[in-house]
Structure formats: C-alpha cells, structure tokens
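Note sheet for the following structure.
In the numbering used here, the protein residues as written are 1406 to 1650.
As structure tokens, this is what we get:
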C-alpha cells in the first residue's frame, strides 16, 4: 500500500512533499498543536502541494479522522488557543488505506464475525468517506494492466486540460440519472461521479462523455454504496482485500 501511494505521489512531481504520519500522533500530529506559546503545524500543513498518506486509517483516533472533514472541504485550518491563534492552509493530496476487516484476512481465512466487520467499517463515517472521491481495491479481481507506460502517464498528467468542457451524450446522461435514482443522493457524491466520468473520458482522449465513462466512475465509488456496511453483500465485497482511497 505504501509503495502504491508513493508511486501515485510521483504523479504530482518528484520534488513534492511526502508525509506518512503514524496514527499514534493523533489530531495534534495530523493537524497541528500549540507548544511553548508557538503554533506547531502538523503533517497536513507540512504536506502542502504534496501527498499525505494515512495508512491503517481506522486505527487513527476518531477526533483526528473526523477533523479531516473540514480541512478536505475548505483547505483551511484555524487553531485557537488562549495565548494566540494560527491559520494554516494546505492543498495536500490525502490518500488513505485500510483492511476490510479487523484481522486483515478477509476472504482468506477471516476470523471476524459479521458484526466485527460492520463495526470496523463504521469507524469511517459516511460524511468522511464522501470526501474521498476514488476507492480502489489493492488486491482485487481486476488484473488488467495499464495500457500506457509510466512516462506516458506523467505526460498525460502534464498535458491534460481539466477545465475543458466536455459534452455529455444522451446515453451518458441516462446512465447518470439511473445511478442517481439508485440511492446516490448526496450532492457531493453526484459531483464526484460527474468529475470521474469526465476524467475517464479525457483518459480515453474523447471530447464527449459516454455511458461507459459513467459506469467506470461509479465502479471506483463502491465504498459509498449502502452495501459497504453489510458484510454479507457479495457483490460489493468479493475479491476486495484492502481498500485504498
């Protein structure tokens, strides 16, 4: 997981910050603290313009995890204390990883009960999970290889015009509407799906969004579906060993 996160961070450039703090650092280590009358920035601030990787995400203290909701939404953190205040800004790319059950052996000799798996997953609240637009299964069933070399991927990242407007075909609009009627009610998730569909279309060098692009976007949002909290739901959990988002 760490190797994949490091590889992904290089899409931003090799000279960008990389931070992977330990969960024991808590909210102070992640966001910042006040020591000896001076503000001390946390990993999120230090990773500005780079990557912040949070491994074993459910093991982070709840206050630290939930504090991400505000900074991922605004990019700003205000720290107020009796002897002063500080304001930090950061546009760090936040990546997180977790197992799908406490024992980490899901689908291969898992010893967890259904309730243990459910409680473990519920440590990551739905509002927090919504802030992560992409969910990937590290050891999943998709064994296909990328059709482009690493150098071609880097060149694509540099050349892509994310601001260019793309037209939506009638089929894509219909596919989007169908998915939204199946329970994707959050406006944030709907915005994610639209961006992911357009991103896939750009990856395929198309000037319009097809229904395939919508489906591909929805495929990487699986942790935001209702079945995520249901350990007995095979369509969502088959072959997913570790989540990376």
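C-beta: ideal position from N, C-alpha, C; glycine also.
Apply the 10 Å Cβ neighbour rule to residue i and answer buried if 16 or more other Cβ atoms are within range, or exposed otherwise.
i: residue 1427; result: exposed
i: residue 1639; result: Reliability fails at residue 1639, whose pLDDT of 39 lies under 50, so the model's placement of it is uncertain and no value is given.
i: residue 1485; result: exposed
i: residue 1472; result: buried
i: residue 1633; result: buried
i: residue 1586; result: exposed
i: residue 1602; result: buried
i: residue 1562; result: exposed
I need the DSSP call for residue i, collapsed to helix, strand or coil.
i: residue 1629; result: helix
i: residue 1611; result: coil
i: residue 1598; result: helix
i: residue 1529; result: coil
i: residue 1496; result: coil
i: residue 1646; result: Since pLDDT at residue 1646 reaches only 46, below the 50 mark, its modelled position is unreliable, and no value is offered.
i: residue 1456; result: strand
i: residue 1481; result: strand
i: residue 1621; result: helix
Assuming residue i contacts residue j (C-beta within less than 8 Å), just tell me the rounded distance between them.
i: residue 1449; j: residue 1476; result: 6 Å
i: residue 1625; j: residue 1541; result: 6 Å
i: residue 1497; j: residue 1430; result: At roughly 15 Å, the Cβ-Cβ gap does not stay under 8 Å, so residue 1497 and residue 1430 are not in contact.
i: residue 1581; j: residue 1559; result: With a Cβ gap of about 30 Å, residue 1581 and residue 1559 do not count as contacting.
Should the stretch 1587 to 1599 be regarded as contacting the stretch 1533 to 1545, the criterion being three or more beta carbon pairs within less than 8 Å? yes
Ranges of the alpha helix (DSSP H) found wholly within the stretch 1543 to 1596, counting only runs of at least 4: Scanning the stretch 1543 to 1596 from its first residue to its last, the whole alpha helix (DSSP H) runs of 4-plus residues come out as 1555 to 1564 and 1575 to 1586.
Do the stretch 1430 to 1447 and the stretch 1409 to 1421 make contact, defined as three or more Cβ pairs closer than 8 Å? no
Does the stretch 1609 to 1616 come close enough to the stretch 1508 to 1527 to have 3 or more Cβ pairs within less than 8 Å? no
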